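Just so you know, the protein sequences line up as chains A and B, in that order. Take 1 as the starting number for the first sequence in full-length UniProt numbering and just add one per residue. Take 1 as the starting number for the second sequence in full-length UniProt numbering and just add one per residue. Below is one structure, written out as structure tokens, with a few remarks after it.
Protein chains: 2
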Amino acid sequence: MELLEREIRENGQVLEGGVLKVDNFLNHQINPKLMKALGDEFAQLFKDAGVNKILTVETSGIAPAVFAGLELDVPVVFGRKNKSLTLQDNMYTTSVYSYTKQISNEISISKDYLTASDRVLIIDDFLANGQAVAGLLSICKSAGADVVGIGIVIEKSFQKGRRWVEETGIRIESLARVASLDNNQVVFVGEEGTESNE
Amino acid sequence: MELLEREIRENGQVLEGGVLKVDNFLNHQINPKLMKALGDEFAQLFKDAGVNKILTVETSGIAPAVFAGLELDVPVVFGRKNKSLTLQDNMYTTSVYSYTKQISNEISISKDYLTASDRVLIIDDFLANGQAVAGLLSICKSAGADVVGIGIVIEKSFQKGRRWVEETGIRIESLARVASLDNNQVVFVGEEGTESNE
């Protein structure tokens, strides 16, 4: 998605260790117009998939997910990372390791909001090692819900998550696919090797 | 706001200890159409306030905030409750106690996204004791940013937050004002005493 790639190029920062910082428009400051464009794009891509629920994880997946949910006219459920007193028992829970934050989080989803009759579209901000998506898939499996698609805002295609998802056979659509962050440069899939021709 | 009051009446649950659980449409499952209506309402209420930035705290304030941001054409910044490796140094930080979760969280906002030239609209899902709003106000003060309004989705008017905010002199607009949760009944401001007439 060109709009998103341009935003990443203009406002993303590459940090040490292959971290792409997009705090300017997605992970801390949010650009509402861009989020609407992302949500509309997910809705367009999955409009024929029979989605009746969108699943995401707090926090940064929520903005694109609600715009997709508005367009598809389906509710959004977000996995919670900390159990609160208002969310007791009756939960599907799984553990997800974040390489960026170097901590494991429990992700919980209430059994009230995910059932065997659901056809789920998973939306998340990043796909790197695939931990968050794997956690959501595991919860959907526990609920007997059918996952009909996975929509990712930014995929780090050089990490193992993409291949792992492909092996599940579930359709995946990533709006930006980063092939490399080497030398602090963002190279998208399809652009690899262009530098060597210069 | 009648739409919101109806949603609370139909889908809210009153738990022990004055907790209003609205996991059905705001705090766990999100109703995108309702979120758009809330965001549009905030935008309408504050359209003449010269807002150039919306501030919220993760997680549940984000959905109404991004719709308000879309309508007002301003970015949304959310305070983060856990510092991640991609958000280092250069932060305004304050401690906020959550009575619901019975824990203190550090809330951080990057100095890159809040400055003395900002005219801020704070949006949050709940106002009870006012801890989150107080934390955001304290951060805005540190940044020298001007807070021109506070928009709350659900205010528990019987707790101390509302009065505390009023004493700051900052304009506050709450879309639903809950006067009482006694006897597991939701009574909105303006409806008090109606039962005794029956």
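Where is the CB? At the ideal position from N, CA and C, for every residue including glycine. Since the structure is predicted, the reported quantities are computational estimates derived from the model, not experimental observations.
For S95/B, the CB contacts under 8 Å within the same chain, skipping 5 residues up- and downstream, are S104, N105, E106, I107 and G135 in chain order. For S110/B, the closest alpha carbon among the candidates R6/A, M1/A, E7/A and Q29/A is that of Q29/A.
D40/A: member of the alpha helix (DSSP H) spanning P32 to L45, first to last residue.
For a cut-off of 8 Å, the C-beta gap from R171/A to G149/A is around 5 Å, short enough to register as a contact.
Here Y99/A is not bridged, per DSSP, to any residue.
Across the region 124-157 of chain B, no CB contact with chain A closer than 8 Å is found for any residue.
Under the 10 Å beta carbon count, D124/A is surrounded by 16 or more other beta carbons and is classified as buried. DSSP lists D146/A as the beta-bridge partner residues of R119/A. For the region 55-92 of chain B, the continuous beta strand (DSSP E) assignments of 3+ residues that do not extend past its boundaries occur at 76-79, in sequence order. When only Cα atoms are considered, V178/B and K36/B end up about 21 Å apart.
The beta-bridge partner set that DSSP reports for N105/B consists of V96/B.
With a threshold of 7 Å between beta carbons, K160/A makes no contact with chain B.
Three or more pairs of CB atoms, one per stretch, sit closer than 8 Å, so the region 173-189 of chain A contacts the region 140-160 of chain A. The C-alpha of A143/B is placed about 43 Å away from the C-alpha of N52/A.
DSSP links E155/B through a beta bridge to L127/B and R177/B.
When C-beta atoms of the region 12-20 of chain B are compared with those of the region 45-62 of chain A, fewer than three pairs fall below 8 Å, so the two segments do not count as touching. In chain order, V51, N52, K53 and I54 place their CB closer than 7 Å to the CB of V74/A, counting only its own chain and leaving out the 5 sequence neighbours on each side.
Using beta-carbon distances, K47/B does not count as an interface residue toward chain A, since no partner is under 7 Å.
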